[in-house]
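Report on the structure given below.
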Amino acid sequence: MTYAPVVTHCEELLDALGPFRRSAPLAGHWGERLAAVLCGGGRLLAAGNGGSAAQAQHLTAELVGRYRTDRPPFSAIALHADTSSTTAIANDYGVDELFARQVRAHGRPGDVLILLSTSGASANLLSAAAAGRAAGLHVWALTGPAPNPLAAAADEAFCVAAPSAATVQELHLVAVHMVCEAFDEALEADGLPHTAPATTRGTGVARSLSSRLRTTDGSAPPGAEDAPDGAAGRRGQPAGRDGGPADGHPRTATGGAARRAAAPGGGTGRHRAAAEDGTGRKERRDG
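Using UniProt numbering, you'd call the opening residue of the sequence shown number 1 and step up by one each time.
Here is the structure:
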């Protein structure tokens, strides 16, 4: 046997991975932003369907547990993991409300919502994105080739240009680990001991992180300014969304070439990062 399909799969992965590494600046920004939000008492919500659900839960496990070294746990919820809630919502409100209703229940202004989809077209994730934006969450997406509806609905997106859904999923896992690397680095750089118990999480780290991430309108992640010292709970008074990354992070990174694009009408703007290799085919609806 030649195992040609196996070799082809490996070649497709290698072809897509090269350009994808140029998306590192956006992964770094996500890790830093997430560290500021979670250290300020905020929360990460994550969701996907099928294989993408497993990827979303992988990310939340790295935050509630740990990635490389010991550190405090952080609040991260995989919205598909609660079988009683998901089946009740699907039964009573329909599958399209599966995640959106949970976003409205658990999300607070300034929290982060990350949605994973190989197709970028799943109706329940599009509903969740709309619910997240309406509630004032930062909405991030990991998708397949751009353009797609979920990338357009999110504030920021990794768009993986790959010929198969399997390769897209594999690069989504790479992206998850890139974000975790940046998250842990941000904690370490700002003095949060990796062996500290959760109750020692103060706002000093959040203030330090938010000073780097503060945008031109002066806003900061939730809890960075107003949570009491040593707070490990939700937050003090919720802060509003800041709408985008601070100066120095890519507004657009398509094909690995990072370049800035002004937000239309002076608004918050949306951000995209695509690892383009010239392909745009999709193998299945989602996963």
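Don't be surprised by glycine CBs; every beta carbon is placed ideally from N, CA and C.
Limits of the alpha helix (DSSP H) - the one that residue i falls within
i: Val112; result: That residue, Val112, is in no alpha helix (DSSP H); its beta strand (DSSP E) goes Val112 to Ser117.
i: His80; result: His80 -> no alpha helix (DSSP H), and no H or E assigned at all.
i: Ala153; result: Pro149 to Ala153
i: Ala25; result: Here residue 25 is Pro; the residue named in the question, Ala, does not match the sequence. Unbroken alpha helix (DSSP H) run through Pro25: Ala24 to Cys39.
i: residue 292; result: No answer is possible for residue 292: the residues shown for the chain start at 1 and end at 287.
Three-way DSSP call (helix, strand, coil) for residue i in this model
i: Phe158; result: strand
i: Thr86; result: helix
i: Gly94; result: coil
i: Thr69; result: coil
i: Ala182; result: helix
i: Ala141; result: strand
i: Thr2; result: coil
i: Ser52; result: helix
i: Phe99; result: coil
i: Gly191; result: coil
i: Gly18; result: helix
i: Ala146; result: coil
i: Arg108; result: coil
Among the options, the one whose alpha carbon lies nearest that of residue i
i: Ser127; options: Ala105, Leu150 and Gly107; result: Leu150
i: Ala157; options: Leu173, Leu116 and Met178; result: Leu116
i: Ala146; options: Leu125, Arg133, Ala129 and Val168; result: Val168
i: Ala100; options: Ser52, Pro72, Arg133 and Ser119; result: Arg133
i: Gly110; options: Gly51, Leu38 and Glu181; result: Leu38
i: Gly48; options: Ser23, Asp70 and Thr143; result: Thr143
i: Ala78; options: Thr118, Thr86 and Asn148; result: Thr86
i: Ala123; options: His106, Trp140 and Leu98; result: Leu98
i: Val6; options: Ala166, Leu125 and Asp82; result: Ala166
i: Asp155; options: Tyr93, Ala4 and Ala129; result: Ala129
Nonlocal neighbours in the same chain, by C-beta distance under 8 Å from residue i, ignoring five residues either side
i: Glu170; result: Leu13
Cut-off 7 Å between Cβ atoms - residues of its own chain near residue i, not counting five sequence neighbours on either side
i: Arg104; result: Ala131 and Ala135
i: Val176; result: Gln55, His58 and Leu59
Sequence-distant residues of its chain with Cβ nearer than 6 Å to residue i (five each side left out)
i: Ala76; result: Leu44, Thr60, Leu63 and Val64
i: Phe74; result: Leu38 and Leu63
i: Ala162; result: Ala16 and Val168
Enclosing beta strand (DSSP E) for residue i [first to last residue]
i: Leu48; result: The amino acid at residue 48 is misidentified as Leu; the sequence shows Gly. Leu44 to Gly48 is the span of the beta strand (DSSP E), which, as asked, contains Gly48.
Between the CA atoms of residue j and residue i - distance to the nearest angstrom
i: Asp15; j: Asn91; result: 42 Å
i: Ala121; j: His80; result: 17 Å
i: Arg108; j: Thr8; result: 44 Å
i: Ala153; j: Thr2; result: 43 Å
i: Ser84; j: Ala27; result: 33 Å
i: Ile114; j: Ala36; result: 16 Å
i: Leu17; j: Cys10; result: 10 Å
i: Gly40; j: Tyr67; result: 20 Å
i: Pro19; j: Val174; result: 13 Å
i: residue 324; j: Pro72; result: Nothing about residue 324 can be reported from this structure: the residues present for the chain run from 1 to 287 only.
i: Leu187; j: Ala46; result: 21 Å
i: Gln102; j: Leu125; result: 12 Å
i: Val179; j: Gly31; result: 5 Å
i: His172; j: Ala53; result: 11 Å
i: Ile89; j: Val95; result: 7 Å
i: Ala4; j: Thr118; result: 24 Å
i: Asn148; j: Asp184; result: 31 Å
i: residue 372; j: Ala141; result: This structure gives no information on residue 372, because the portion of the chain shown stretches from 1 to 287.
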